[in-house]
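Residue numbers (the working numbering): -10 to 417.
Data block below; observations after.
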């Protein structure tokens, strides 16, 4: 009877209703919209594994034209194709099935956001509001339901990992973290932070997390390292090559602004600048480790910041950051704002990249293709030497980069108090 009462209470809650609405809206658009190129890559990968038997050799020497993610997503696509051998990548059922775990991940993330904030703050109003904001976030909705990129799956595993760490299930947390990396490897940037946080609190937990997470990564990667290690590494390193991001296809923080200056032809940007952001990113990683080690934040806030800080640094400073990567920092920014009572206007920063699509609408296909064409034609009016959409994109990049940078600086100050006190005690 008690369980029945709990289920009735949940089903009547505002969050449950929002969750059902968010789920249904994503399902509705999932088969009728997609980035056709990415869907083709998904379909091609599934065919290679299922029809050609290339289970551990589906990576190629030209990853920019083929599958270039860690293996777990490829295996899921193969399972979809086995269940439903679609005739082509535009098949509506194939699109629906390919996007289904991404959509389910969005909903599961909302549940975890609610549970994590509630566990740390004991404030149900805050936790419900944060989960609702995630469910209604337009950028997340676009990447998951419309475009169909698996970033939410990786974020789900990473968020689950810190939730399991917070609830003292270290080995399960290590497994979840390993699965996160094997879905999208950019979550590796959080690894040194999480290990440092564990090392200072419990050395046994540090060893358990390190061994289990490394074991999962090794187990998934080992067959590819045996059968085709060169293509495997080349594919995973695709987006680290030193080249200017294309103004119309990338949304990469400071480099979006640099590429605009370069395109102006009044400025020549040195090739040194191309690798400068990544060097700063790595430097921030090293400098942050003593901050985390001596942090005086509560454990819930600290674990979340271990994911938030490297995520924000990555999307602001890396040379090549595609729009789907911007899903990564959103959930951890959201949690941090509610855990530490930060200014909620910073949530607007995480929404800014969504407006990128009004300037560069190009991800829709029939039956809503013509709506996309209308948007594109409307944005192609000329203002000065650049089209209007380039001006819009410049403003978006400025708002995104400086907004996240301001929040990161404030977070670094909050996490540095312990180290400052330690240095004062040593010097005084």
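From the three backbone atoms N, C-alpha and C, an ideal C-beta is built for every residue, glycine too.
Starting from residue 186, follow the alpha helix (DSSP H) in both directions and report where the run begins and ends.
-> As a first step, residue 186 must be located in the chain shown, where it is residue number 197. That run of the alpha helix (DSSP H) goes 180 to 190.
Stretch pair the segment 38 to 54 + the segment 147 to 163: three plus CB contacts closer than 8 Å | The segment 38 to 54 is not in contact with the segment 147 to 163.
Going by C-alpha distance, which of 91, 73 and 113 is nearest residue 83?
-> Start at 1 with the first residue of the chain shown, and residue 83 comes out as number 94. The residue with the shortest Cα to Cα distance from residue 83 is 73.
Are the CB atoms of residue 171 and residue 306 nearer to each other than 7 Å?
-> Counting from 1 along the chain shown, the entry for residue 171 is found at position 182. Counting from 1 along the chain shown, the entry for residue 306 is found at position 317. Not in contact: residue 171 and residue 306 (Cβ atoms no closer than 7 Å).
How many Å lie between residue 32 and residue 272 at the Cα?
-> Your numbering for residue 32 matches position 43 in the chain shown. Your numbering for residue 272 matches position 283 in the chain shown. Computed Cα separation, rounded: 39 Å.
Kindly indicate which three-state DSSP category residue 128 falls into: helix, strand or coil?
-> What you label residue 128 is simply residue 139 of the chain shown in a count that begins at 1. In the structure shown, residue 128 sits in a helix (DSSP, three-state: H, G or I).
Exposure label - residue 293; buried when at least 16 CB within 10 Å | To locate residue 293, count along the chain shown from 1; it is residue 304. Buried is the call here.
Rounded separation between residue 12 and residue 298 - CA only = For the purposes of this step, residue 12 is identified with residue 23 of the chain shown, where counting begins at 1. For the purposes of this step, residue 298 is identified with residue 309 of the chain shown, where counting begins at 1. Roughly 29 Å between the two C-alpha positions.
Name the residue from 387, 223, 212 and 106 whose alpha carbon lies nearest to the alpha carbon of residue 120.
-> The residue you call residue 120 lines up with position 131 of the chain shown. Among 387, 223, 212 and 106, the Cα nearest to that of residue 120 is on 106.
Touching or not, the segment 215 to 227 and the segment 182 to 189, by the rule of three or more beta carbon pairs under 8 Å?
-> Because the criterion of three Cβ pairs below 8 Å is not met, the segment 215 to 227 and the segment 182 to 189 do not touch.
Any idea what DSSP makes of residue 194, helix, strand or coil?
-> Counting from one through the chain shown, the residue named residue 194 turns up at place 205. Reduced to three states, the DSSP call for residue 194 is helix.
Give every residue of the same chain whose Cβ lies closer than 6 Å to the Cβ of residue 167, excluding the five residues on either side of it in the sequence, and list them in chain order.
-> Start at 1 with the first residue of the chain shown, and residue 167 comes out as number 178. For residue 167, where only same-chain residues beyond five positions count, the Cβ hits under 6 Å are 202, 205 and 206.
Three-state class that DSSP yields for residue 47 in the structure shown | Position 58 of the chain shown, counting from 1, holds the residue named residue 47. Coil, per DSSP.
Please classify residue 74: does DSSP put it in a helix, a strand, or coil?
-> Against the chain shown, residue 74 aligns to sequence position 85. Annotated three-state conformation of residue 74 is coil, per DSSP.
Could you give the C-beta distance for residue 487 and residue 133, rounded to a whole number, given that I count them as a contact under 8 Å?
-> Outside the shown range of the chain (-10 to 417) lies residue 487, about which nothing can therefore be said.
How about residue 136 and residue 99: do their beta carbons lie closer than 7 Å?
-> As a first step, residue 136 must be located in the chain shown, where it is residue number 147. As a first step, residue 99 must be located in the chain shown, where it is residue number 110. For residue 136 and residue 99, no; Cβs fall outside 7 Å.
Coarse secondary structure for residue 313, derived from DSSP in three states | In the chain shown, the residue the question calls residue 313 occupies position 324. It is helical.
Report the three-state DSSP secondary structure of residue 111 (helix, strand or coil).
-> Against the chain shown, residue 111 aligns to sequence position 122. Residue 111 falls in the coil class under three-state DSSP.
For residue 238, count neighbouring C-beta atoms within 10 Å of its own C-beta (all shown protein chains included) and say buried if the count is 16 or more, exposed if not.
-> For the purposes of this step, residue 238 is identified with residue 249 of the chain shown, where counting begins at 1. Any reading at residue 238 needs caution, since the residue's pLDDT is 46, under 50, leaving its predicted position unreliable; the model's value is listed next. Per the 10 Å Cβ criterion, exposed.
Anticipated Cβ contact below 8 Å, residue 406 with residue 268, distance rounded = As a first step, residue 406 is located in the chain shown; it is residue number 417 there, counting from the start. As a first step, residue 268 is located in the chain shown; it is residue number 279 there, counting from the start. The beta carbons of residue 406 and residue 268 sit about 27 Å from each other, so the pair does not count as a contact at 8 Å.
Outcome for residue 309 when other beta-carbon atoms lying within 10 angstroms are tallied against a minimum of 16 | Mapped onto the chain shown, residue 309 falls at position 320. A buried status is given to residue 309, since no fewer than 16 other beta-carbon atoms sit within 10 Å of its beta-carbon.
Euclidean distance between Cα positions of residue 277 and residue 40 = Position 288 of the chain shown, counted from the first residue, corresponds to residue 277. Position 51 of the chain shown, counted from the first residue, corresponds to residue 40. Spanning the alpha carbons of residue 277 and residue 40 requires a straight line of approximately 47 Å.
DSSP on residue 138, reduced to helix/strand/coil?
-> Counted from its first residue, the chain shown places residue 138 at position 149. Shown here, residue 138 sits in coil according to DSSP, grouped into three states, outside any helix or strand.
Taking residue 22 as part of the alpha helix (DSSP H), name the residues at either end of that continuous run.
-> Translated into positions along the chain shown, residue 22 becomes position 33. Boundaries cannot be given for residue 22, as no alpha helix (DSSP H) includes it and DSSP labels it neither H nor E.
On the three-state DSSP scale, how would you describe residue 204?
-> One-based indexing of the chain shown puts residue 204 at position 215. It is helical.
Tell me whether residue 41 sits in a helix, a strand or coil according to DSSP, three-state version.
-> Counting from 1 along the chain shown, the entry for residue 41 is found at position 52. Of the three classes helix, strand and coil, the one that applies to residue 41 here is coil, per DSSP.
Apart from the five residues just before and just after residue 194, which ones in its own chain have a Cβ nearer than 7 Å to its Cβ?
-> Here residue 194 refers to the residue found at position 205 of the chain shown. Non-local beta-carbon contacts of residue 194 in its own chain, meaning distances under 7 Å to residues more than five positions away in sequence, involve 159 and 187 in chain order.
Would you decide whether residue 3 is buried or exposed? Buried here means 16 or more other CB atoms lie within 10 Å of its CB.
-> Start at 1 with the first residue of the chain shown, and residue 3 comes out as number 14. Exposed: under 16 other Cβ atoms inside 10 Å.
According to the neighbour-count rule (16 or more other Cβ atoms, all chains shown, within 10 Å of its Cβ), is residue 337 buried or exposed?
-> Looking up residue 337 in the chain shown gives position 348. The residue in question, residue 337, is exposed, as its Cβ has fewer than 16 Cβ neighbours within 10 Å.
Identify whether residue 331 lies in helix, strand or coil by the three-state DSSP scheme.
-> Here the question's residue 331 lines up with position 342 in the chain shown. Residue 331: coil per DSSP, three-state reduction.
So residue 300 is in the alpha helix (DSSP H); what residue range does that whole segment cover?
-> Translated into positions along the chain shown, residue 300 becomes position 311. Secondary structure note for residue 300: its alpha helix (DSSP H) is the uninterrupted segment 288 to 306.
Could you round the C-beta distance between residue 163 and residue 131 to whole angstroms and report it? I think they count as a contact, below 8 Å.
-> Locating residue 163 in the chain shown gives position 174, where the first residue counts as 1. Locating residue 131 in the chain shown gives position 142, where the first residue counts as 1. That belief does not hold up - the Cβ atoms of residue 163 and residue 131 are roughly 32 Å apart, past 8 Å.
Between residue 177 and residue 165, is the Cβ-Cβ spacing less than 7 Å?
-> Stepping through the chain shown from its first residue, residue 177 is reached at position 188. Stepping through the chain shown from its first residue, residue 165 is reached at position 176. Their beta carbons are not under 7 Å apart, which means residue 177 does not touch residue 165 by this criterion.
Does DSSP classify residue 158 as helix, strand or coil?
-> For the purposes of this step, residue 158 is identified with residue 169 of the chain shown, where counting begins at 1. It is coil, neither helix nor strand.
Out of curiosity, what's the CA-to-CA distance linking residue 16 and residue 129?
-> Residue 16 sits at position 27 when you count from the first residue of the chain shown. Residue 129 sits at position 140 when you count from the first residue of the chain shown. One Cα belongs to residue 16, the other to residue 129, and the distance between them is close to 14 Å.
Please state if the CB of residue 70 and the CB of residue 20 are separated by a distance shorter than 7 Å.
-> Within the chain shown, the letter at position 31 stands for residue 20. Within the chain shown, the letter at position 81 stands for residue 70. Their beta carbons are not under 7 Å apart, which means residue 20 does not touch residue 70 by this criterion.
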